[in-house]
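Mature numbering (1 follows the signal peptide of the UniProt record, and there is no 0) puts the sequence shown at residues -19 to -1, 1 to 289. Notes to accompany the following structure.
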Amino acid sequence: MKQLLLTLTFALVFGSCFSQGSVSTLFYDESNGLNVIEGTTMVNDGSANGGTCMFRPASASGGTIWAGPYVGVTAGNYLLQVRIKVTSNSSTADLFMLDIVSQYGYVTHGALWIKPNMFRANNEWQLITIPVSIPHGITNLEIRGMNFQPGITDVYVDYVQLIPSSLPGLYSNELTISGNGNVGIGTITPREKLSVNGNIRAREIKVEATNWPDYVFEEGYGVGTLEELESYIKANKHLPGMPGAKAVETNGIAVSEMLKLQQQKIEELTLYLIEQNKSIGTQNEKLLQQGKQIKLLKNQINAIKKKK
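See the structure below:
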């Protein structure tokens, strides 16, 4: 999730900062610039680009997995993507660091520790993405897999690529930034500025709302009678002004609008309770007066009986 939020934030911020014109995706593998370091071997893999990929077994020593290419790129904002898979995705430990540097490692433009649990399945290729901003004059840009940690899991690396982040859209099952600026997490067809196909967990959510329904307590607001409310509920199976079940299933619920509607119903319910309390008070007063009259009559009857 942290990687996803980092990608989202930087892609949105950087995407509008540079106009990169016709700069195209830069693609590298072991055939055109990635240097395989001792401890890493090339293996055949039918699912890999070109049928081969780099392999670093868990039993290998620590250190660098690969280095390179040493190239110059047009200044601008990019998405660095590396296609990786792991034999086991159960560990939460740091496996190796993916970084993109220049000045022969002295300047870091982007870096991320790769962990096995970042992968959705064992032995399944996945693109790891880091947003990077490359300044002018970089002639020896290098993409590396560094600080491999032995004993955790085998790792396979297929290729790396730099995608200009000013492309009209980024689409994957994990994160989508559509051409019209909508963002999707877990969906490639976001219909709103942010569409999430899954659960959201947060410490606090603040929703802005206007026309908060305190107008219910203004003079002249017609709350209606309980008899009218009962008739409406029997006919429609939901409260007046509230969406029905089918509408919610089809269109979802706007949180701010639903909060306002619920608050309106709470305030209307409060008015009903106040009126009911008044009515009960009136009935109690009537009963009290009737009780006094009954007591008076009893006393009169008893007085008449004594005279007899």
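Glycine included, each C-beta is placed from N, C-alpha and C at the ideal position.
Span of the beta strand (DSSP E) around residue i
i, result
"Ala92", "88 to 95"
"Ser83", "77 to 83"
"Tyr59", "57 to 67"
"Gln130", "No beta strand (DSSP E) holds Gln130; DSSP gives it neither H nor E."
"Arg37", "33 to 37"
"Pro221", "Note, Pro221: premise wrong, no beta strand (DSSP E); not H, not E."
"Asp10", "Unbroken run through Asp10: none, as it is neither H nor E."
Chain E contact for residue i (CB, 8 Å cutoff)
i, result
"Lys215", "The chain labelled as chain E is not found in the depicted structure, where only one protein chain is given."
7 Å Cβ shell around residue i - same chain, five flanking residues per side excluded
i, result
"Tyr140", "Phe8, Tyr9, Asp10, Asn30, Arg64"
"Met127", "Thr45, Phe77, Met78, Asp80"
For residue j and residue i, believed in contact at Cβ under 8 Å, the rounded distance
i, j, result
"Ile119", "Val54", "6 Å"
"Thr21", "Trp47", "6 Å"
"Tyr253", "Leu207", "6 Å"
"Pro50", "Leu15", "7 Å"
"Thr68", "Asn104", "6 Å"
"Gly32", "Phe129", "In fact, because the Cβ distance is near 24 Å, the residues do not count as touching under 8 Å."
Coarse secondary structure for residue i, derived from DSSP in three states
i, result
"Val17", "strand"
"Gln107", "strand"
"Ser114", "strand"
"Ser176", "strand"
"Tyr253", "helix"
"Leu122", "strand"
"Tyr196", "helix"
"Leu151", "strand"
"Val188", "coil"
"Ala48", "strand"
Own chain partners of residue i with C-beta closer than 8 Å, once the 5 adjacent residues on each side are dropped
i, result
"Val164", "Leu(-12), Leu(-8), Leu156, Thr157, Ile158, Pro171, Lys174, Leu175, Ser176"
"Ser28", "Trp106"
Residue i, buried or exposed, once every other Cβ within 10 Å from all chains shown has been counted against 16
i, result
"Asp195", "exposed"
"Ser83", "buried"
"Val138", "buried"
"Arg184", "exposed"
"Arg101", "exposed"
"Thr134", "buried"
"Leu278", "exposed"
"Asn161", "exposed"
"residue 321", "Here the chain covers residues -19 to 289 and nothing more, so residue 321 does not appear."
"Phe36", "buried"
"Arg182", "exposed"
Unbroken alpha helix (DSSP H) run spanning residue i, endpoints
i, result
"Val204", "Here Val204 belongs to no alpha helix (DSSP H), and DSSP marks it neither H nor E."
"Thr231", "226 to 232"
Beta-carbon contacts of residue i that lie in its chain and below 6 Å, excluding the five residues immediately before and after
i, result
"residue 290", "Since the first residue shown for the chain is -19 and the last is 289, residue 290 is missing from the structure and cannot be characterised."
"Gln62", "Leu108, Thr110, Gln142"
"residue 290", "Outside the shown range of the chain (-19 to 289) lies residue 290, about which nothing can therefore be said."
"Leu151", "Ile158"
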